[in-house]
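Those protein sequences? They're chains A and B, same order as listed. Each residue of the first sequence is one higher than the last, beginning at 35 in this note's numbering. Each residue of the second sequence is one higher than the last, beginning at 35 in this note's numbering. Beta carbons: idealized from backbone N, C-alpha and C, even for Gly. The structure presented is a predicted model; accordingly, all values stated were derived computationally and were not measured. First the structure, in the form of structure tokens, and then the observations on it.
There are 2 protein chains.
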Amino acid sequence: MSMDAGLFSDRRITLEQLRTFVTVAESGGFNAAGLKLGRSQSAVTQSLQKLEEYLECLLLERRQGHIIGLTHDGRRLLPEARKILLSLDNVVSVLRRPELSGHISLGLSNNFNAVELQMAIASCIEMNKGLRVEVISSLTGHLAQMLEQGALDMAIMHSVGELEPADRLLKEESIYWVAANPEAVLREDDLPLVLFGDGCAYREAVVRTLDEAGVSHYLSYVSASHENVCGAIAAGFGVGVLPRSELREGIRIIPENDRLPELPLGRIFMRTRNNSPIISRFRDFICSAPCLSGSTESRAVQ
Amino acid sequence: MSMDAGLFSDRRITLEQLRTFVTVAESGGFNAAGLKLGRSQSAVTQSLQKLEEYLECLLLERRQGHIIGLTHDGRRLLPEARKILLSLDNVVSVLRRPELSGHISLGLSNNFNAVELQMAIASCIEMNKGLRVEVISSLTGHLAQMLEQGALDMAIMHSVGELEPADRLLKEESIYWVAANPEAVLREDDLPLVLFGDGCAYREAVVRTLDEAGVSHYLSYVSASHENVCGAIAAGFGVGVLPRSELREGIRIIPENDRLPELPLGRIFMRTRNNSPIISRFRDFICSAPCLSGSTESRAVQ
DNA sequence: TAATTTTACAAATATTGTTTTTTCAGTTCA
DNA sequence: TGAACTGAAAAAACAATATTTGTAAAATTA
Chain A
35 MSMDAGLFSD RRITLEQLRT FVTVAESGGF NAAGLKLGRS QSAVTQSLQK
85 LEEYLECLLL ERRQGHIIGL THDGRRLLPE ARKILLSLDN VVSVLRRPEL
135 SGHISLGLSN NFNAVELQMA IASCIEMNKG LRVEVISSLT GHLAQMLEQG
185 ALDMAIMHSV GELEPADRLL KEESIYWVAA NPEAVLREDD LPLVLFGDGC
235 AYREAVVRTL DEAGVSHYLS YVSASHENVC GAIAAGFGVG VLPRSELREG
285 IRIIPENDRL PELPLGRIFM RTRNNSPIIS RFRDFICSAP CLSGSTESRA
335 VQ
Chain B
35 MSMDAGLFSD RRITLEQLRT FVTVAESGGF NAAGLKLGRS QSAVTQSLQK
85 LEEYLECLLL ERRQGHIIGL THDGRRLLPE ARKILLSLDN VVSVLRRPEL
135 SGHISLGLSN NFNAVELQMA IASCIEMNKG LRVEVISSLT GHLAQMLEQG
185 ALDMAIMHSV GELEPADRLL KEESIYWVAA NPEAVLREDD LPLVLFGDGC
235 AYREAVVRTL DEAGVSHYLS YVSASHENVC GAIAAGFGVG VLPRSELREG
285 IRIIPENDRL PELPLGRIFM RTRNNSPIIS RFRDFICSAP CLSGSTESRA
335 VQ
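This is the structure in structure tokens:
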């Protein structure tokens with residue numbers, strides 16, 4: 035089926051406009067976005083005005099001359115714009131390094147969504163036809179076992195403690211106490227916890243932290259699936275632990291308070307079993323993926 | 035996990051450069067591409083030089099001052115560039131029309147790959163959270179049955195004959211006789227055919243056309259899977275029938291000859307069972323998808 | 001109320017992309 | 001062999017576009 039687009043879409047829309055939109059949405063203002071992008075506030079304003087004009091819809095909710103959030107259409111566009119920018123990132127990054135070939139089995143912790151990382155791996159696989167990657171998604175504890183047993187070549191896992199010397203730190207992320215209704219949950223005597231199943235690195239840390247602080251608690255919901263855990267938190271089953279990027283409608287961060295102790299910093303790291311050339315080249319590839327380069331945790335609008 | 039790209043990739047790379055690259059790859063020359071894009075040969079040349087510079091690799095195979103094809107990197111970039119442009123197309127198209135909501139079961143003929151169409155449907159689903167689409171992939175014959183039985187709301191199917199009055203033509207495509215090794219296959223007395231299983235609209239047409247022309251033939255390979263059929267043709271099982279866009283390495287179009295009759299024009303069309311508001315709005319949506327707008331069948335380089 | 005922050009707008013400036021023109025190399029054809 | 005043709009590359013002039021600068025208005029903060 036040809037389905038030839040012939041001439042593609044609206045040729046006035048540029049990547050820079052999308053990038054500007056995403057940055058505004060992430061930084062919450064034209065000034066901040068301009069600073070981040072290295073251009074003036076005026077340029078940002080105009081860039082967005084044009085994008086809105088070409089898209090024939092408003093993207094930013096303005097009230098009294100201030101940006102107070104995204105419109106419905108803006109919220110629809112944001113993830114797609116991110117995806118487009120990210121896939122270009124990945125393509126460029128893959129294209130710039132030599133082609134990979136070989137077979138690799140890669141473990142991926144499913145503690146949290148790692149959409150960006152998965153996209154990077156996917157485009158790497160697509161553009162390196164000689165590469166066969168078998169991805170196994172499981173909890174950190176299980177992956178570590180498989181790695182030791184030789185069932186995996188490498189794994190990307192979560193941790194809160196010290197890493198082994200050969201491990202490669204990919205990313206750090208602050209994790210927060212979250213709940214659907216912080217006030218109500220905190221009023222309960224026993225703290226109801228919504229956590230991942232056994233083998234989750236964060237789970238142990240959370241329980242230990244609570245024990246040390248002398249907070250009585252019980253598990254009200256346990257699942258190995260990220261979807262389920264978030265769903266349970268949103269449904270009000272109890273208190274969970276998530277990084278900022280995993281917040282969604284119906285889940286709020288619990289502000290600092292006397293009862294809940296401070297959580298340690300989360301770490302995402304890579305561990306390899308052997309260092310054959312293919313493995314180490316793929317490891318270098320992953321470690322230099324564009325989605326791992328930034329380290330700012332941005333404050334998103336809405 | 036934040037995975038914040040912070041500042042995205044190489045900000046010098048533009049959509050226009052990608053578009054130009056794809057157009058050059060499709061039209062096989064800077065002049066032709068310029069004509070297609072509505073700009074001069076010089077602009078196309080410079081645009082591609084920049085893209086190659088920023089990407090730090092050569093995309094076009096030049097010999098004696100002429101483009102003779104894509105480099106390895108060029109072939110790696112092409113499908114990804116297409117995807118990026120296409121997903122922007124889809125996003126813009128979805129954003130410009132009102133949001134859809136409801137439940138729809140959609141049949142999709144698997145005669146041929148319809149990557150672009152599937153991408154359009156996917157981005158429609160992603161951006162219309164109120165929309166639940168159940169996609170069933172099968173051969174045209176089976177889909178038509180399901181439609182009559184009320185198991186499907188709508189279906190996109192293939193045909194070579196007349197359409198029903200209520201059907202909507204989406205796309206026409208020329209189909210060609212193909213084989214791994216045309217010369218060898220044509221030498222055989224009985225023509226070995228590689229076709230889809232029962233229920234494929236093209237299959238019946240092919241057999242009928244051969245019978246009318248008095249060409250003796252037999253089925254050497256039959257499968258309901260597009261992958262398998264292409265694989266069998268490439269492996270030399272016999273003669274198949276494909277549109278230009280489905281050609282791949284190891285499959286060549288058989289030039290016109292005395293033995294093989296001319297094939298009818300293929301049609302891709304949509305049939306709906308009922309015309310509830312949701313269905314008809316979704317139908318209009320699909321019919322106006324960017325990937326269906328063009329009608330040129332381009333001659334690709336390499 | 002004054003100071004600060006934030007967005008919008010207009011004109012000047014800077015940058016970028018485009019065309020025009022020319023050149024060169026290879027191909028075709030007389 | 002030479003003339004005409006085609007496709008690509010390069011340079012300079014030109015056109016279009018984006019960016020900055022500066023200013024104003026409105027809202028927030030102290």
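### Query
Is B:S172 near the ligand PLP, judged by its Cβ being under 7 Å from some heavy atom?
Annotation note on the ligand PLP: not contained in the displayed structure, which lists no ligands.
### Query
So with Cβ pairs under 8 Å, would you call A:E196 a contact of chain B?
no
### Query
Name the chain B residues whose beta carbon is nearer than 7 Å to that of A:D107?
L129
### Query
Excluding five sequence neighbours on each side, which residues of the same chain lie with their C-beta closer than 6 Å to the C-beta of B:R307?
L181, D187
### Query
What first and last residue would you give for the alpha helix (DSSP H) that runs through B:L112?
106-130
### Query
Is A:S76 closer than 8 Å to A:E50 when the C-beta atoms are compared?
no
### Message
If we define contact as Cβ-Cβ less than 8 Å, is A:V126 a contact residue for chain B?
### Response
yes
### Whole-angstrom C-beta distance between A:F230 and A:E294, which should lie under 8 Å
According to the sequence shown, residue 294 of chain A is Leu rather than Glu. So it is not a contact: roughly 18 Å between Cβ atoms.
### Message
Given a cut-off of 8 Å on the beta-carbon distance, is the pair A:V212 and A:F271 in contact?
### Response
no
### Query
When you check each C-beta in the region 229-251 of chain A against every C-beta of chain B, which residues fall closer than 9 Å?
none
### Query
In chain order, what residues of the same chain have a beta carbon less than 7 Å from the beta carbon of A:I267, not counting five sequence neighbours either side?
V212, A213, A214, V228, G274, I285
### Task
Please classify A:P199: does DSSP put it in a helix, a strand, or coil?
coil
### Query
With which residues is B:T226 paired in a DSSP beta bridge?
Rather than Thr, the amino acid found at residue 226 of chain B in this sequence is Pro. The partner list for B:P226 (beta bridge, DSSP) reads B:Y252.
#### Entry: C-alpha gap between A:R301 and A:V194, whole angstroms
6 Å
### Task
Answer with buried or exposed for A:N291, where buried requires no fewer than 16 other C-beta atoms within 10 angstroms of its C-beta.
exposed
### Query
Is the CB-CB distance between A:R237 and A:F303 below 8 Å?
no
### Message
Is B:C91 close to chain A? Criterion is C-beta to C-beta, closer than 8 Å.
### Response
yes
### Message
Looking at the secondary structure, which residues open and close the beta strand (DSSP E) in which A:E238 lies?
### Response
Per DSSP, A:E238 belongs to no beta strand (DSSP E); it is in the alpha helix (DSSP H), 235-247.
### Query
Can you find a C-beta in chain A that's less than 8 Å from the C-beta of B:E386?
Here chain B covers residues 35 to 336 and nothing more, so residue 386 of chain B does not appear.
### Query
Three-state secondary structure (DSSP) at A:F303?
strand
### Query
Under 8 Å between C-beta atoms, does B:S43 make it to chain A?
yes
### Task
Would you check if the distance between the CB atom of A:L140 and the CB atom of A:E168 is smaller than 8 Å?
yes
### Query
Taking only beta-carbon atoms, is A:L111 less than 8 Å away from chain B?
yes
### Task
Identify, in the order they occur along the chain, each residue of the same chain with its Cβ nearer than 7 Å to the Cβ of A:K70, setting aside the five sequence neighbours on each side.
T57, S61
### Task
Below 9 Å between beta carbons is the criterion; list the residues of the region 43-71 of chain B that meet it against any residue of chain A, in chain order.
S43, D44, R45, I47, T48, L49, E50, L52, R53, V56, T57, E60, K70, L71
### Task
Have a look at the DSSP bridge pairing and note the partners of B:V273.
B:L227
### Task
Return the CA-CA distance between B:L142 and B:A178, expressed in angstroms with no decimal places.
11 Å
### Task
Output the residue ranges of the beta strand (DSSP E) runs that lie fully inside the region 168-213 of chain A and measure 3 residues or longer, sorted by chain position.
188-193, 202-213
### Query
In chain A, what lies closer than 8 Å to B:K117 by C-beta?
S121
### Query
What is the rounded straight-line gap between the Cα of A:I190 and the Cα of A:E160?
20 Å
### Query
By how many angstroms is the C-alpha of B:S157 removed from the C-alpha of A:M35?
Low confidence applies here, because A:M35 scores a pLDDT of 41, under 50, leaving its location unreliable; read the following figure in that light. If I take the Cα positions, the gap works out to 19 Å.
### Task
Kindly list the residues whose CB is nearer than 6 Å to the CB of B:L297, restricted to its own chain and excluding five residues on each side of it in sequence; keep chain order.
I209
### Message
For B:E114, would you say it is in contact with chain A, using Cβ-to-Cβ distances shorter than 8 Å as the test?
### Response
yes
### Query
Which residues share a DSSP beta bridge with A:L94?
A:L104
### Task
Compare the C-beta of B:P132 with all C-beta atoms of chain A and state if any pair is closer than 8 Å.
no
### Message
Let me make sure I understand the geometry here. Which of B:G175, B:V219, B:I118 has the alpha-carbon closest to that of B:P289?
### Response
B:V219
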